[in-house]
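*Asks:* Mapping of the sequence shown onto this note's numbering: residues 1 to 382, in sequence order.
All C-beta atoms in this analysis are idealised placements derived from N, C-alpha and C, irrespective of residue type, glycine included.
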Amino acid sequence: MTHPQVTIVVVPRERFQFTQDSLESLYENTQFPFHLIYVDNHSPASVRDYLAAQAEEKGFELVRSPHYLSPNQARNVGLRRVKTPYVVFVDNDVVFSSGWLGALVNCAQETGATVVGSLVCQYKPLHTIIHCIGGDYMASEEYARFAQGEQGPRGTLTDAGQWTIQEKTYFQNHPIAEMSDQIQRQTTGFIEFHAMLVRTSIFNRIGLLDEAFSCTKEYLDFCMTVTRAGGLIYLEPTSVVTFLTHPPAPALERADLPYFMLRWSDEWELNSLLHFQKKWNLTESSYFQKRYKKLGQRRRKEMIKPIAARFSFLGKPATKWIEKRLFQLEKVFNRYVSARHRRLVETAAVSTSGDANIRFPEVAEQNAPAPSMSFSTAAQSH
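This is the structure:
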């Protein structure tokens, strides 16, 4: 029996309601051999039971956490168990087009890429509207210096300036059909974690994913780290996936609220942004200032606005007033949610003391062009 060269690690993005849609799509549309590690991030009972039944039926490895994890924590739980040359990180709200995985592997093998991302679409109709095809995060000249390892755009090793983040994602919200002639396999500054293939050998050099990123910008941090390590990041447009939680996705289910509120909590978001800025010596540009002023907007949009909309018969000013007051109250409760989780994990911390001894398989990389901006069951394999 040939052993798979790829391990897929599935983690929750923000909710659990699309678990079945995503898992069924994965098995229906993935012809390339793979080993599956599914990280059950303390899901509700119905999802927990579904995943346990599917793991027994299909023979994949199911790892359930006793408490909620951030996405990067969940990815690392899976990553520590990977024994293949490639790992593919996938969110639990993603559905797949036929051949998506083989296309990612082909790109990595043909280009020598360290990281390869799928063309990511948003909601329905499936595989139609572009969400992310990669992007840039610095001006081209500044990026060139960053990629070469300089500590700052205008400084020296002892007097470095600060980098300025200018995140740009191209063709977002445009139909693929209208942009197909402009989308091709190419190097890119970053891709997102919706569906991302990585050569596991890179983790021997950079370590596991940074768990200080609990809410946002973890994809930028990872891609910046790979770039600094000399790795190549590619978009593979023939690998197409769609994530289902983009508006106008169905309303949040009640069972998903506890994780959603923590996942997008003010504390997690603020800490992630502050860590991002400090780690990479980034200027507090308008990019950060806007984010700091809008903490909790994901919760406001998905939780508060639908409630306030029930009072629309009172008129727009009154509805806006109600929304604002509800959001203020929710923010107080959100601080409690974050603090409660913090106390919980302090007594249930997962040990990572053995991380330094983890070694991942090495895969010979082909010559490729220089980078540019343009915890339960033993498994069988699919």
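Since V47 and T84 are thought to touch, with beta carbons under 8 Å apart, how far apart are those beta carbons, to the nearest angstrom?
*Replies:* The Cβ separation is near 26 Å, so there is no contact.
*Asks:* Where does I322 sit, in a helix, a strand or coil, going by DSSP?
*Replies:* Reduced to three states, the DSSP call for I322 is helix.
*Asks:* Express the C-alpha separation of F333 and A144 in angstroms, rounding to a whole number.
*Replies:* Roughly 44 Å between the two C-alpha positions.
*Asks:* Within 8 Å, do at least three Cβ pairs link the region 209-216 to the region 175-192?
*Replies:* Segments in contact, no.
*Asks:* With which residues is M196 paired in a DSSP beta bridge?
*Replies:* M196 pairs with F89 and G117.
*Asks:* Could you tell me the alpha carbon to alpha carbon distance between E362 and T111, rounded to whole angstroms?
*Replies:* The straight-line gap from Cα to Cα measures roughly 16 Å.
*Asks:* Could you tell me the distance, in whole angstroms, from the CA atom of L235 to the CA atom of F311?
*Replies:* Approximately 45 Å, taken between the alpha carbons.
*Asks:* Can you give me the start and stop residues for the beta strand (DSSP E) that L235 sits inside?
*Replies:* From DSSP, the beta strand (DSSP E) with L235 extends over I233 to F243.
*Asks:* Which same chain residues, not among the five before or five after S272, have their C-beta less than 8 Å away from its C-beta?
*Replies:* Result list for S272: A212, F213, S214, C215, T216, K217 and E218, in chain order.
*Asks:* Alpha helix (DSSP H) containing E404: first to last residue?
*Replies:* Because residue 404 is not part of the residues shown, which for the chain are 1 to 382, the question remains open.
*Asks:* Closest to E28 by C-alpha separation, out of R298, A45, S97 and G78, would be which residue?
*Replies:* E28 has its Cα closest to that of S97, out of R298, A45, S97 and G78.
*Asks:* Measuring alpha carbon to alpha carbon, tell me which of E267, F288 and E269 ends up nearest Q277.
*Replies:* The shortest C-alpha separation from Q277 is found at F288.
*Asks:* Quick one, are the C-beta atoms of H194 and V88 less than 8 Å apart?
*Replies:* Going by C-beta atoms, H194 is not nearer than 8 Å to V88.
*Asks:* In the DSSP assignment, the alpha helix (DSSP H) including Y38 goes from what residue to what residue?
*Replies:* Per DSSP, Y38 belongs to no alpha helix (DSSP H); it is in the beta strand (DSSP E), H35 to D40.
*Asks:* Who pairs with V94 in a beta bridge, going by DSSP?
*Replies:* Beta-bridge pairing links V94 to F243.
*Asks:* List the whole-angstrom C-beta distance separating G149 from G161, where the pair is believed to meet the contact cut-off of C-beta under 8 Å.
*Replies:* Going by Cβ atoms, the distance from G149 to G161 rounds to 15 Å, so no, they are not a contact pair.
*Asks:* For A147, which of L257, A52, R228 and V11 has the nearest alpha-carbon?
*Replies:* Nearest option by C-alpha distance: R228.
*Asks:* Which same chain residues end up closer than 7 Å to S351 when comparing Cβ atoms and leaving out the 5 residues on each side of it in sequence?
*Replies:* At S351, the pLDDT of 41 sits below 50, so the modelled position is not reliable; the number obtained from the coordinates is stated separately. Here the set comprises nothing.
*Asks:* Whose C-beta lies closer than 6 Å to the C-beta of L69 among residues of the same chain, with five residues either side of it excluded?
*Replies:* Within the same chain, L69 has close Cβ partners N41.
*Asks:* Please report how far the alpha carbon of M196 lies from the alpha carbon of L209, in whole angstroms.
*Replies:* About 13 Å.
*Asks:* Pick from V240, Y259 and I8: whose alpha carbon is nearest that of P44?
*Replies:* Per the Cα distances, Y259.
*Asks:* Straight-line CA distance for P247 to Y123?
*Replies:* Between P247 and Y123, the C-alpha separation is close to 7 Å.
*Asks:* Rounded to a whole number of angstroms, what is the C-alpha to C-alpha distance between Q5 and E24?
*Replies:* Cα-Cα distance, rounded: 21 Å.
*Asks:* Using three-state DSSP, classify V11 as helix, strand or coil.
*Replies:* In this structure, V11 counts as strand in the three-state DSSP scheme.
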